[in-house]
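To start, the structure under review is shown below, and the notes come after it.
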Amino acid sequence: RILPDSVPVLTDASDVHNATWHGFSRFLDAGRGSLVSGMSELKNYMHRFGYLPNSNFTDFFDTEFESALTLYQSKLSLPVTGKLDTDTISAIISPRCGVSDASQHTALHATRH
Amino acid sequence: FAYFYGKPRWERPSPLTYAFSPNHTVSYLNPSDVRDIFCRAFSRWSAVIPVNFTETQNYTSADIKIGFYRGDHGDGKPFDGVLGVLAHAFSPENGQFHLDEAESWAIDFKTDKSKEAIDLESVATHEIGHVLGLAHSSVKEAVMYPSLRPRTKKVNLRVDDVEGVQALYGSNPNFRFSSLLSENSYNH
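If you read the sequences in order, they're chains E and H. 1277 is the number of the first residue of the first sequence in our numbering; add one for each residue after it. 13 is the number of the first residue of the second sequence in our numbering; add one for each residue after it.
The structure is reproduced here in structure tokens:
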């Protein structure tokens, strides 16, 4: 479905997020099959941090992006929904380290409790 | 915890020297305060592994080179202004440690009232983890989790951080997990 240009979102802390990334909040609740103007920028974000291999993107929420989103949610210990839900959008627009989440491997380990 | 591809580490780990760029600083921070913050951040890691860190005035020869940079600063990873990307550091044995000059870096939230203030000590502790060879962790409470909200402080290493770095360098003989657990419990 096509979302309107302006989707009211997020939390009381939203005004302190990065201006560029804060624009991603309008993609709230977008899921596979959506065509939203500017979605390619979010795909660039996912590419930058290692979740999408290619760099030539459309504004279509396709299966490849859904897979990337699922991986992102898993990596950041978010609920894995494959959708741009509130938790995911909030994580995306949060300030972060510039080191890519890819090019690494996770060690098998048990956490001591 | 996670490592960079190939699990790189410092082959001559101790002592590692670090230095601040004489040209790439932020004017509103007291250099003495910055040195104290980095000293504490390095100490947290050296408390758990047999690696010592020593500040040197010789920037050129230092193992770890720390500086504040704005926008495109020549390493192919330009900074993006206020918030967004806060800092980045390179895997061993590169040693480059860059902070985004555009951020509102805070030393003490009691005196810094900016809504966008970023705790310098938290970011320093995180990036040192990268310098040592740790990649991003999925554990939200870990220092090596990739994001940090403004006006929040996360400086204490968690079990996940400690186990990750100790798998690279071994344990500091004076370190006890019980002290870490009680400290985290206290802070929580």
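All residues carry an ideal CB built from backbone N, CA and C; glycine is no exception.
**Item:** Within 9 Å, strictly: CB atoms of H:V171 and H:F189
**Value:** It is a contact, given that the beta carbons lie within the stated cut-off.
**Request:** Decide if the region 99-111 of chain H is in contact with the region 16-34 of chain H; the criterion is three or more beta carbon pairs, one per stretch, under 8 Å apart.
**Result:** Touching, yes, given that three or more Cβ pairs across the two stretches are closer than 8 Å.
**Item:** Counted within 10 angstroms of its Cβ, other Cβ atoms place H:P158 as buried (16 or more) or exposed
**Value:** The residue in question, H:P158, is buried, as its Cβ has 16 or more Cβ neighbours within 10 Å.
**Asked** Considering only the beta carbon of each residue, do E:G1314 and E:D1338 sit closer than 9 Å?
**Response** The answer is no: Cβ separation not under 9 Å.
**Message:** Does the beta-carbon of E:D1377, which I'm using as the reference point, lie nearer than 8 Å to any heavy atom of the ligand NAD?
**Reply:** Within the structure as shown, the ligand NAD is missing, as the structure has no ligands at all.
**Prompt:** Taking C-alpha atoms, which residue in H:E115, H:V177, H:T123, H:F50 lies nearest to H:R82?
**Reply:** Of the candidates H:E115, H:V177, H:T123, H:F50, the one whose C-alpha sits nearest the C-alpha of H:R82 is H:E115.
**Request:** List the residues of chain H that E:D1361 touches, going by C-beta distances under 7 Å, in chain order.
**Result:** By Cβ distance, chain H contributes nothing, its closest Cβ being about 17 Å from E:D1361, past 7 Å.
**Asked** Run through DSSP, which three-state label would E:G1374 get?
**Response** Of the three classes helix, strand and coil, the one that applies to E:G1374 here is coil, per DSSP.
**Proximity test, Cβ basis, 9 Å: E:F1325 and chain H** = So yes, E:F1325 belongs to the interface.
**Prompt:** Candidates H:S149, H:Y71, H:D124, H:V63: which alpha carbon is nearest H:G182's?
**Reply:** Closest by alpha carbon: H:V63.
**Request:** Could you say which of H:H100, H:V94, H:I119 lies nearest to H:E87 if we only look at CA atoms?
**Result:** Checking the sequence shown, residue 87 of chain H turns out to be Asp, not Glu. Among H:H100, H:V94, H:I119, the Cα nearest to that of H:D87 belongs to H:H100.
**CB of H:L160 within 9 Å of CB of H:I130, strictly** = For H:L160 and H:I130, yes; Cβs fall inside 9 Å.
**Asked** Using the C-alpha atoms, what's the distance from E:S1353 back to E:M1322?
**Response** If you draw a straight line from the Cα of E:M1322 to the Cα of E:S1353, it is about 16 Å long.
**Prompt:** Taking DSSP as the reference, what is the three-state secondary structure of E:F1341?
**Reply:** Collapsing the DSSP output to three states places E:F1341 in a helix.
**Message:** I'd like the span of the alpha helix (DSSP H) that includes E:D1363, first residue to last.
**Reply:** Residues 1362-1368.
**Prompt:** Does the distance from the C-beta atom of H:A118 to that of H:A74 stay below 9 Å?
**Reply:** In this structure, H:A74 does not lie closer than 9 Å to H:A118 by Cβ.
**Item:** Among H:N70, H:Y40, H:T66, H:M156, the one whose alpha carbon lies nearest that of H:R52
**Value:** Selected option, being the one with the closest Cα: H:T66.
**Asked** Cα separation between H:W57 and H:L169?
**Response** The alpha-carbon atoms of H:W57 and H:L169 are separated by roughly 8 Å.
**Item:** Cα-Cα separation, E:K1319 to E:S1370
**Value:** Their Cα atoms are separated by approximately 16 Å.
**Message:** List, in chain order, every chain H residue whose beta-carbon is nearer than 9 Å to that of E:A1344.
**Reply:** The contacting residues do not exist; E:A1344 stays about 16 Å from chain H at best.
**Request:** Output yes if chain H places a C-beta closer than 9 Å to the C-beta of E:R1372; else output no.
**Result:** At least one chain H Cβ lies under 9 Å of E:R1372.
**Message:** I want to see whether chain H comes within less than 9 Å of E:S1301, judged by CB atoms only; does it?
**Reply:** Judged by the 9 Å Cβ criterion, E:S1301 is not in contact with chain H.
**Item:** Same chain only: Cβ atoms within 8 Å of E:S1282, ignoring 5 sequence neighbours per side
**Value:** At E:S1282, the pLDDT of 43 sits below 50, so the modelled position is not reliable and the matter cannot be decided from this model.
**Message:** Closest to E:A1306 by C-alpha separation, out of E:C1373, E:V1375, E:G1374, E:T1364, would be which residue?
**Reply:** Minimum Cα distance to E:A1306 is reached at E:T1364.
**Prompt:** For E:S1366, is the classification buried or exposed, using 16 other Cβ atoms within 10 angstroms of its Cβ as the cut-off for buried?
**Reply:** Classification for E:S1366: buried.
**Message:** As a quick exercise: from E:Y1348, E:W1297, E:F1341, pick the residue whose alpha carbon is nearest that of E:D1377.
**Reply:** For the set E:Y1348, E:W1297, E:F1341, the Cα lying nearest the Cα of E:D1377 is the one of E:Y1348.
**Asked** Where E:L1345 and E:L1304 are concerned, what is the direct C-alpha to C-alpha distance, given to the nearest angstrom?
**Response** When rounded, the distance between both Cα atoms is 13 Å.
**Message:** Applying the 10 Å Cβ sphere with the 16-neighbour rule, what's the burial state of H:S149?
**Reply:** Classification for H:S149: buried.
**Near-chain E residues of the region 154-172 of chain H (beta-carbon distance less than 7 Å), N- to C-terminal order** = Cβ proximity to chain E below 7 Å picks out P158, S159, L160, R161, P162, V171, D172 from the region 154-172 of chain H.
**Asked** Using a C-beta to C-beta distance shorter than 7 Å, which residues of chain E count as neighbours of H:I140?
**Response** Simply none; closest approach about 12 Å.
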